[in-house]
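Student: Dumping the structure here so I can ask a few things about it.
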Amino acid sequence: MARSTIANRRAILLDASLILRDFTTAVAISATTAETAINSVNPAELCYYKAVVDVAAHTGYVAGSAQWTITIEASADNATFVPVGTVIPTGVASRFQVPLSGAWVEKNLPNAVYSNIIYTRAKATKTGSPGNLNYGAFLTT
Numbered sequence: 011m012a013r014s015t016i017a018n019r020r021a022i023l024l025d026a027s028l029i030l031r032d033f034t035t036a037v038a039i040s041a042t043t044a045e046t047a048i049n050s051v052n053p054a055e056l057c058y059y060k061a062v063v064d065v066a067a068h069t070g071y072v073a074g075s076a077q078w079t080i081t082i083e084a085s086a087d088n089a090t091f092v093p094v095g096t097v098i099p100t101g102v103a104s105r106f107q108v109p110l111s112g113a114w115v116e117k118n119l120p121n122a123v124y125s126n127i128i129y130t131r132a133k134a135t136k137t138g139s140p141g142n143l144n145y146g147a148f149l150t151t
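Note that this note's numbering has the sequence shown beginning at 11, numbered continuously upward.
Structure (structure tokens):
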């Protein structure tokens, strides 16, 4: 995830404690993979924020039958995760910004105690046989 420079004033703020998957050190995956959840922020307490998902180019994309689905998930117990945002890359290198809000996260985990919704992770799910995927994700305002 590139840092801001004088030539690039449209950088997105990056806090290392909010990285869900580090694009700069991650290796391509070939199967459905859930990342280790972070618990440095309660995603239900934030008003408006977003998940930024950077995806490298990959081969084999066919809509609906050979694709990757990247979800941002939240949990109160670090065991049962619920999707709160989703992107489906099309094989082209892209940056996605997934809008999120605390109210949305709380609505999607209705039985969880508000103050305990402290786990957030990224998960890439493979459908069919697209090529290997490399991506990064982080939370920011």
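Every residue, glycine too, gets a C-beta built ideally from N, C-alpha and C.
Suppose you measure from the CA of residue 111 to the CA of residue 151; what does that come to, to the nearest Å?
Tutor: Computed Cα separation, rounded: 10 Å.
Student: By DSSP, does residue 30 sit in helix, in strand, or in coil?
Tutor: Strand, per DSSP.
Student: Counting pairs of beta carbons, one from the region 22-30 and one from the region 86-104, are three or more of them closer than 8 Å?
Tutor: With the cut-off at 8 Å, the region 22-30 and the region 86-104 do not touch.
Student: Write down every uninterrupted run of the alpha helix (DSSP H) in the region 61-124 whose length is 4 residues or greater and which is fully enclosed by it, in chain order.
Tutor: Within the region 61-124, the complete alpha helix (DSSP H) runs of at least 4 residues are 112-118.
Student: Tell whether a beta-carbon distance below 9 Å holds between residue 85 and residue 129.
Tutor: Contact: yes.
Student: From residue 108 to residue 33, what distance separates their C-alpha atoms?
Tutor: Going by the C-alpha atoms only, they are around 17 Å apart.
Student: Just the C-alpha distance for residue 82 and residue 95, rounded to the nearest angstrom, thanks.
Tutor: Between residue 82 and residue 95, the C-alpha separation is close to 5 Å.
Student: Do residue 131 and residue 55 have their C-beta atoms closer together than 9 Å?
Tutor: Contact flag unset, no.
Student: Going by the beta-carbon positions, is the gap between residue 98 and residue 77 smaller than 9 Å?
Tutor: It is a contact, given that the beta carbons lie within the stated cut-off.
Student: Starting from residue 150, trace the beta strand (DSSP E) in both directions and tell me its first and last residue.
Tutor: 145-150 is the extent of the beta strand (DSSP E) around residue 150.
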